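J.: Numbering (the working numbering), first residue to last: 84 to 293.
1. Output needed for residue 167: all residues of its chain with C-beta closer than 8 Å, excluding positions within five of it in sequence on either side, in chain order.
2. Measuring CB to CB, does residue 271 end up less than 8 Å from residue 238?
3. Exposed or buried, residue 56, counting other C-beta atoms within 10 Å across all chains shown (16 or more means buried)?
4. Would you call residue 286 buried or exposed, if buried means 16 or more other Cβ atoms sit within 10 Å of its Cβ?
5. Could you pull out every residue in the same chain whose Cβ sits closer than 8 Å to the Cβ of residue 229, ignoring the five residues on either side in sequence?
6. What number of angstroms, rounded off, separates the C-alpha of residue 254 from the C-alpha of residue 222?
7. From residue 198 to residue 251, what distance separates their C-alpha atoms?
8. Check whether the Cβ atoms of residue 212 and residue 274 lie closer than 8 Å to each other.
9. How about residue 242 and residue 280: do their beta carbons lie closer than 8 Å?
10. Quick one, are the C-beta atoms of residue 234 and residue 283 less than 8 Å apart?
11. According to DSSP, is residue 246 part of a helix, a strand, or is it coil?
12. Check the C-beta distance from residue 240 over to residue 269 and give it rounded, since I have them as a contact under 8 Å.
13. Residue 257: which of 276, 214 and 266 sits nearest, CA to CA?
14. Is it true that the CB of residue 216 sits closer than 8 Å to the CB of residue 259?
15. Assuming residue 202 is part of the alpha helix (DSSP H), what are its boundary residues?
16. If you compare alpha carbons, which of 245, 192 and 176 is closest to residue 277?
17. How should residue 170 be labelled, buried or exposed, when 16 other C-beta atoms within 10 angstroms of its C-beta is the threshold for buried?
18. Within a Cβ cutoff of 8 Å, which residues of the same chain sit near residue 195, ignoring the five residues on either side of it in sequence?
19. Give the straight-line distance between the Cα atoms of residue 188 and residue 247, rounded to the nearest whole angstrom.
20. In three-state DSSP terms, what is residue 232?
21. I'd like to check one pair, residue 209 with residue 133: are the Cβ atoms closer than 8 Å?
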């Protein structure tokens, strides 16, 4: 954890203390992550001690990095992976199989597979961004912990019937359910020309450090 904090803080401190000239700012922007870390490492090695302002900046950045390092890593279901839903019924189909998937306007595309992948990424990004940091920081779960969320995107594009599988940690499960229920409404999907509800799965992987 200490090494991760050091590297992550380093990028921000380097950006704050870089020269103000436009040319040098452009040069800094073009540096790779590894180069920025190496430059910061050299700068810190050359410094006898940090002043009060620098210590305050590092303390603030350290908290930011701790929050980011504990963010859940979220992935969407692999393409064509079948999920064992209790009852698909005649009025719904799996998101990976629907011919015209539900979508957000930013994902609209004539290529349905591109549109489908965009929606999967948008859903995962929304859940990760809106997950309450305090919940996973307070969790007693450490190490890798995985749960699977399933929900229905109904024929109007609304999110319905959110379920969490492998909900050992009730607080994490409840927070995942809350965030998914708050997903923005989508444009409804169609299956073989008929407006149809779609069942969506979202594996959520937490990697909480000791």
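Quick reminder that beta carbons are idealized off the backbone N, C-alpha and C, glycines included.
On a predicted model such as this, the values are computed, not experimentally measured, just so you know.
T.: According to the structure shown:
1. Along the chain shown, one-based indexing puts residue 167 at 84. The pLDDT assigned to residue 167 is 45, lower than 50, so where the model puts this residue is not dependable, and the model offers no usable value.
2. Here residue 271 corresponds to residue number 188 of the chain shown, with the count starting at 1. Here residue 238 corresponds to residue number 155 of the chain shown, with the count starting at 1. The Cβ atoms of residue 271 and residue 238 sit closer than 8 Å to each other.
3. Residue 56 is absent from the model: the chain starts at 84 and stops at 293.
4. Stepping through the chain shown from its first residue, residue 286 is reached at position 203. Classification for residue 286: buried.
5. Position 146 of the chain shown, counted from the start, is the residue given in the question as residue 229. 249, 286, 287, 288 and 289.
6. As a position in the chain shown, residue 254 is number 171, starting the count at 1. As a position in the chain shown, residue 222 is number 139, starting the count at 1. Note on geometry: alpha-carbon atoms of residue 254 and residue 222 lie some 8 Å from one another.
7. As a working note, residue 198 is residue 115 in the chain shown. As a working note, residue 251 is residue 168 in the chain shown. The straight-line gap from Cα to Cα measures roughly 33 Å.
8. Your numbering for residue 212 matches position 129 in the chain shown. Your numbering for residue 274 matches position 191 in the chain shown. Going by C-beta atoms, residue 212 is not nearer than 8 Å to residue 274.
9. By 1-based counting over the chain shown, the position of residue 242 is 159. By 1-based counting over the chain shown, the position of residue 280 is 197. Going by C-beta atoms, residue 242 is not nearer than 8 Å to residue 280.
10. Against the chain shown, residue 234 aligns to sequence position 151. Against the chain shown, residue 283 aligns to sequence position 200. Going by C-beta atoms, residue 234 is nearer than 8 Å to residue 283.
11. Looking up residue 246 in the chain shown gives position 163. In the structure shown, residue 246 sits in a strand (DSSP, three-state: E or B).
12. For the purposes of this step, residue 240 is taken as the residue at position 157 of the chain shown. For the purposes of this step, residue 269 is taken as the residue at position 186 of the chain shown. Rounded, the Cβ-Cβ distance is 4 Å, consistent with contact.
13. As a position in the chain shown, residue 257 is number 174, starting the count at 1. Check the Cα spacing between residue 257 and each of 276, 214 and 266: the tightest is with 214.
14. Here residue 259 refers to the residue found at position 176 when the chain shown is read from its first residue. Here residue 216 refers to the residue found at position 133 when the chain shown is read from its first residue. No, the pair does not count as a contact, with Cβ atoms beyond the cut-off.
15. Translated into the one-based positions of the chain shown, residue 202 becomes position 119. Annotation for residue 202: the continuous alpha helix (DSSP H) segment containing it runs 195–213.
16. Walking along the chain shown from the start, residue 277 turns up at place 194. The candidate whose alpha carbon is nearest that of residue 277 is 176.
17. The residue labelled residue 170 in the question sits at position 87 within the chain shown. Its pLDDT being 45, under 50, residue 170 is placed unreliably in this model, and the coordinates cannot settle the point.
18. Taking the first residue of the chain shown as position 1, residue 195 is located at position 112. Only 182, 183 and 184 meet the Cβ criterion.
19. Locating residue 188 in the chain shown gives position 105, counting from the first residue. Locating residue 247 in the chain shown gives position 164, counting from the first residue. Roughly 27 Å between the two C-alpha positions.
20. What you label residue 232 is simply residue 149 of the chain shown in a count that begins at 1. Residue state, collapsed to three classes: strand.
21. For the purposes of this step, residue 133 is taken as the residue at position 50 of the chain shown. For the purposes of this step, residue 209 is taken as the residue at position 126 of the chain shown. Contact check for residue 133 against residue 209 fails: the beta carbons are separated by 8 Å or more.
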